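**Student:** Remember, the numbering used here sits 24 above the position in the sequence shown when you count from 1. Beta carbons: idealized from backbone N, C-alpha and C, even for Gly. Note that the coordinates shown come from a computational prediction; the quantities given were computed from them, not determined experimentally. Dropping the structure in here first, questions after.
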Amino acid sequence: MLVNASFLENARVLSLHTGTQIAQVTHCLIDPDALAIIAFRLEATAAAGEGGNILPVRSVREYSKMGIIVDSADDFASDGEVIKIDQIIALNFDLIDLNVRTKKGSKIGKILDYTVNTTDWEVRQLIVRRPFWKALLDPELVIARDSIIEVDDYNVTIEDEHAKGESASEAKTEIIPEFVNPFRDPDFAGNIESDAS
């Protein structure tokens with residue numbers, strides 16, 4: 025399923041083991057080479073105990089409208105535990121506000137948001153805010169992953185022929201459940217809401 029990264033920021037992390045919220049996402053950690061989320065930085069609740077503050081995506085059971093579902097806080101890692109994640113943290117890379125340019129150097133705009141496939145956590149689309157003089161006709165564009173040529177610390181370079189993209193209003197993010205779990209029961213969801221408050 026595709027989901028906007030802005031929905032992932034501040035998403036609740038729910039434990040199947042305890043049936044409660046055990047953390048909240050504060051930041052998505054993106055591998056710029058793979059252009060995929062590899063982990064989430066967390067703010068853990070008291071219910072998580074003394075666990076870590078990083079959730080590798082391989083430990084995610086499911087993403088639903090209620091949040092990110094994991095088995096338990098045992099799935100969390102700490103800084104220094106996973107070498108690959110530490111390398112990504114050291115890069116301090118974020119897609120938001122990077123410039124998007126064509127291969128010829130024309131500025132398309134800045135990244136406002138992006139969509140992620142929750143099956144493999146790859147970035148599928150970039151939602152780009154247009155410069156002021158172009159925003160009058162088309163305030164936002166959606167750039168597909170296959171149009172991206174290169175990503176660096178400051179720019180995302182795309183193919184010239186795909187520079188126009190698709191308007192953001194035409195792109196749809198659909199959340200489709202992948203399997204049944206107890207967090208989908210409306211009565212159970214109400215219990216989690218009250219536990220979290």
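Given a threshold of 16 other Cβ atoms within 10 Å of its Cβ, counted over all protein chains shown, does Asp-55 qualify as buried or as exposed?
**Tutor:** Translated into the one-based positions of the sequence shown, residue 55 becomes position 31. In the assembly as shown, Asp-55 is a buried residue. Its beta-carbon has 16 or more other beta-carbons within 10 Å.
**Student:** Within 10 Å of its beta-carbon, does Arg-82 have 16 or more other beta-carbons around it, so buried, or fewer, so exposed?
**Tutor:** Numbered from 1 along the sequence shown, position 58 holds the residue referred to as residue 82. Counting Cβ neighbours within 10 Å, Arg-82 comes out exposed, since fewer than 16 surround it.
**Student:** I need the straight-line Cα distance from Ile-132 to Asp-177, nearest angstrom please.
**Tutor:** In the sequence shown, counting from the first residue as 1, residue 132 sits at position 108. In the sequence shown, counting from the first residue as 1, residue 177 sits at position 153. Roughly 17 Å separates the two Cα atoms.
**Student:** Determine the DSSP secondary structure at Ser-218, reduced to helix, strand or coil.
**Tutor:** Locating residue 218 in the sequence shown gives position 194, where the first residue counts as 1. Bear in mind that a pLDDT of 49 at Ser-218, under 50, signals an unreliable position, so the number given afterwards is only what the model happens to contain. Ser-218 falls in the helix class under three-state DSSP.
**Student:** Please report how far the alpha carbon of Ala-168 lies from the alpha carbon of Gln-48, in whole angstroms.
**Tutor:** By 1-based counting over the sequence shown, the position of residue 168 is 144. By 1-based counting over the sequence shown, the position of residue 48 is 24. In a straight line, the C-alpha of Ala-168 is about 29 Å away from that of Gln-48.
**Student:** My guess is that Asp-144 and Ala-60 are in contact by the Cβ rule of under 8 Å, so how many angstroms apart are they, rounded?
**Tutor:** In the sequence shown, counting from the first residue as 1, residue 144 sits at position 120. In the sequence shown, counting from the first residue as 1, residue 60 sits at position 36. Right, their Cβ atoms sit about 7 Å apart.
**Student:** Express the C-alpha separation of Ile-135 and Ile-151 in angstroms, rounding to a whole number.
**Tutor:** The residue you call residue 151 lines up with position 127 of the sequence shown. The residue you call residue 135 lines up with position 111 of the sequence shown. Approximately 6 Å, taken between the alpha carbons.
**Student:** By the 10 Å Cβ neighbour count, where 16 or more other Cβ atoms means buried, how is Lys-196 classified, buried or exposed?
**Tutor:** Position 172 of the sequence shown holds residue 196. Caution is warranted here: a pLDDT of 47 is assigned to Lys-196, below 50, making its placement in the model unreliable, and no coordinate value can be reported.
**Student:** Going by C-alpha to C-alpha distance, which of Ala-35, Thr-181, Ser-39 sits closest to Ser-24?
**Tutor:** In the structure as shown, the chain starts at 25 and stops at 221, and residue 24 therefore has no counterpart that could be examined.
**Student:** Assuming contact is defined by CB atoms lying nearer than 9 Å, are Gln-149 and Thr-139 in contact in what I supplied?
**Tutor:** Start at 1 with the first residue of the sequence shown, and residue 149 comes out as number 125. Start at 1 with the first residue of the sequence shown, and residue 139 comes out as number 115. Contact flag set, yes.
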